[in-house]
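**Q**
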């Protein structure tokens, strides 16, 4: 039995259902000793991968044979397969803890290292993308699921500098409504971090077929979606904790938007001033 297969969206297939789901499904049919063992597994989901099977049996006050029998009842071959599944799910982007959360100090350290690595590697791509975004007739920024907040923030920043910028999909609309009709003078920024929906590949093909230029921003798993004519900006998101981090992506957004503002020169400055005046006139922003 394989626990590594994923469907096209990055979600686990049926055989890779998380252990807590399996326990819930089988709990009523477990023997009392097996239930005690299952309760311990549920209590230690946050650090389950740090234990050995014998240690979990001791914590539950059951025999190693009972713990092994429980794993088989849950459709695992052994505890090694449980550990492997936790790692597979985490690598697919699911918020599955595979160890104790790092300290805040360690989290800060890894984030700084991550920022340095991403921004250093992406410098040339950011400059190229900024030139394209400054010169495009229309800019469409696409982001779905966990990519949407990054796409929305980039849209908000670019809107300060220029007109003709929009995020997709907008509420109540489909992607097709937003991207059909774009052409050679337009740029589409596609933010596609892991656990993205499968239609992203088809969307990229459609946009390219219309002649629009693609700027693709994603974690390393998205590299396979990039074509030679695209601008590829790699922003890793993996961390040592259960959830991915988008600090580097947001930093890329800031760097990219600043360069677009600079490239547009006085026209962008005039737009910024006009927007600030409108804020004051409408009372939308605190003084």
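Residue numbers (this note's numbering): 10 to 296. We put the beta carbon where it would ideally sit given N, CA and C, even for glycine.
(1) Helix, strand or coil for residue 153? Go by DSSP, reduced to three states.
(2) What's the C-alpha gap between residue 126 and residue 286?
(3) Checking 8 Å against the spacing of the C-beta atoms, do residue 188 and residue 224 come in under that value?
(4) If we ignore side chains and look at the alpha-carbon of each, how far apart do residue 268 and residue 146 end up?
(5) Note down the Cα distance separating residue 8 from residue 35, rounded to an integer number of angstroms.
(6) With residue 222 as the anchor, note down where its beta strand (DSSP E) starts and where it stops.
(7) Got a sec? Which residues, its chain only, sit under 7 Å from residue 85 by beta carbon, not counting five neighbours each side?
(8) Using 10 angstroms around the beta-carbon of residue 94, count the other beta-carbons present and answer buried if the total reaches 16, otherwise exposed.
(9) In three-state DSSP terms, what is residue 177?
(10) Below 8 Å between beta carbons: does that hold for residue 205 and residue 156?
(11) Can you say whether residue 266 is buried or exposed, counting buried as having 16 or more other CB atoms within 10 angstroms of its CB?
(12) From the DSSP output, which residues share a beta bridge with residue 113?
(13) Report buried or exposed for residue 294, applying the criterion of at least 16 other Cβ atoms within 10 angstroms of its Cβ.
(14) Within 10 angstroms of the Cβ of residue 73, are there 16 or more other Cβ atoms? Answer buried if so, exposed if not.
(15) Is the CB-CB distance between residue 151 and residue 163 below 8 Å?
(16) For the beta strand (DSSP E) that residue 294 lies in, which residues bound it at each end?
(17) Would you identify the three-state DSSP class for residue 199, choosing helix, strand or coil?
(18) Okay, do the stretch 273-287 and the stretch 253-262 touch, 3+ Cβ pairs below 8 Å being the bar?
(19) Can you pull the DSSP bridge partners for residue 284?
(20) Among the candidates 254, 114, 144 and 181, whose CA atom is the shortest distance from the CA of residue 270?
(21) Should residue 264 and residue 142 be called a contact, given that it needs their Cβ atoms to be closer than 8 Å?
(22) For residue 69, count the other beta carbons within 10 Å of its own beta carbon; 16 or more makes it buried, fewer makes it exposed. Which is it?
(23) Would you mind working out which of 290, 159 and 87 sits nearest residue 228, comparing C-alpha positions?
(24) Let's see if you can read the secondary structure: which residues bound the beta strand (DSSP E) around residue 240?
(25) For the alpha helix (DSSP H) holding residue 41, just list the boundary residues, first then last.
(26) So, at 6 Å on beta carbons, what are the nonlocal neighbours of residue 62 in its own chain, with the 5 sequence-adjacent residues on each side left out?
(27) Going by Cα to Cα distance, which pick from 38, 281, 290 and 154 is closest to residue 170?
(28) On the criterion of 16 or more Cβ atoms from any shown chain inside 10 Å, does residue 64 qualify as buried, or is it exposed?
(29) Restricting to Cα atoms, I'd like to know which of 120, 182 and 219 is closest to residue 194.
(30) Run the CB neighbour count on residue 222, radius 10 Å, all protein chains shown included, and call it buried at 16 or more, exposed below.
(31) With DSSP collapsed to three states, give me the class of residue 71.
**A** From the atom records:
(1) Three-state DSSP puts residue 153 in coil, outside helix and strand.
(2) C-alpha separation (whole angstroms): 39 Å.
(3) no
(4) Between residue 268 and residue 146, the alpha-carbon positions lie close to 17 Å from each other.
(5) Absent from the structure is residue 8, since the part of the chain shown begins at 10 and ends at 296.
(6) Under the DSSP assignment, residue 222 falls in the beta strand (DSSP E) whose first and last residues are 222-227.
(7) 91
(8) buried
(9) In the structure shown, residue 177 sits in a strand (DSSP, three-state: E or B).
(10) In this structure, residue 156 lies closer than 8 Å to residue 205 by Cβ.
(11) buried
(12) DSSP, once it has assigned bridges, lists no residue as partnering residue 113.
(13) exposed
(14) exposed
(15) no
(16) Unbroken run through residue 294: none, as it is neither H nor E.
(17) Strand, per DSSP.
(18) no
(19) Bridge partners of residue 284: none, in fact.
(20) 144
(21) The answer is no: Cβ separation not under 8 Å.
(22) buried
(23) 159
(24) 240-243
(25) 41-52
(26) 76 and 88
(27) 281
(28) exposed
(29) Closest option to residue 194, Cα to Cα, is 219.
(30) Label assigned to residue 222: buried.
(31) coil
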